[in-house]
Amino acid sequence: MSSIQKISVDLDELAGVYFIVAHESGVEYDHQCGGLSCYQRSLEGFLVPAGQSTQVCEELYAYFCTGPKYGGHCHSVLDKEDALFIDQCLASFDYSMLTVDRDLLRESVEAWVHLKVVDGMPCFPCCYNSDPASKVVMIWNNSD
């Protein structure tokens, strides 16, 4: 039996907000994140675009890049304040069924945020028959 080589897709130039839902797919998505730290993260799965996310991208950029908390120098892991802001952003464009995964907060950085599907949801939005316990990462353009 031969193993199939995974395809790597570089997402650094995508505009908008996207979700990577972990699943064996043969496609691994690579993304630069972490602000000025320029981390490279990857996850195998499915890429799901978030509808109507242009304004949210602008809010995320303002918060992590030009806002008073980071002042253009975002390069650390996220904290509870950041998680609350991202939860509010998710709710603002009808993704309140997703929330920042506080158990994985120390692994989340700007433009690579671990999420979870809230209890009671049968699947990830737009991914019917998906496991609601699947690892999910929210991405957007890194602010570096």
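Using this note's numbering, the first residue of the sequence shown is number 2, and each one after it goes up by one.
Backbone N, C-alpha and C define an ideal beta-carbon position, used for all residues, glycine too.
Looking only at its own chain, which residues have a Cβ that is under 7 Å from the Cβ of residue i, when we skip the five neighbours before and after it?
i, result
"CYS127", "VAL49"
Cutting at 8 Å between CB atoms, please list the residues of its own chain near residue i, excluding the five before and the five after it.
i, result
"ASP80", "LEU106"
What number of angstroms, rounded off, separates the C-alpha of residue i from the C-alpha of residue j?
i, j, result
"ASP145", "CYS39", "7 Å"
"GLU59", "GLU25", "32 Å"
"THR55", "GLY17", "6 Å"
"TYR96", "ASN143", "21 Å"
"PHE94", "SER4", "40 Å"
"LEU61", "PHE86", "9 Å"
"GLU82", "VAL119", "19 Å"
Ignore the nearest five residues each way along the sequence and tell me which others in residue i's own chain have a CB closer than 6 Å to its CB.
i, result
"SER135", "VAL22, ALA23"
"GLU29", "LYS7, SER9, SER43, GLU45"
"SER109", "LEU79, HIS115"
What residue range is occupied by the uninterrupted beta strand (DSSP E) comprising residue i?
i, result
"ILE87", "Segment 81 to 93 is the alpha helix (DSSP H) holding ILE87; no beta strand (DSSP E) there."
"LEU61", "Run containing LEU61: none in the beta strand (DSSP E); it sits in the alpha helix (DSSP H), 55 to 62."
"SER9", "8 to 11"
"ASP31", "28 to 34"
"GLY46", "40 to 50"
Who does residue i pair with in a DSSP beta bridge?
i, result
"VAL22", "PHE47, VAL137"
"LYS117", "THR100"
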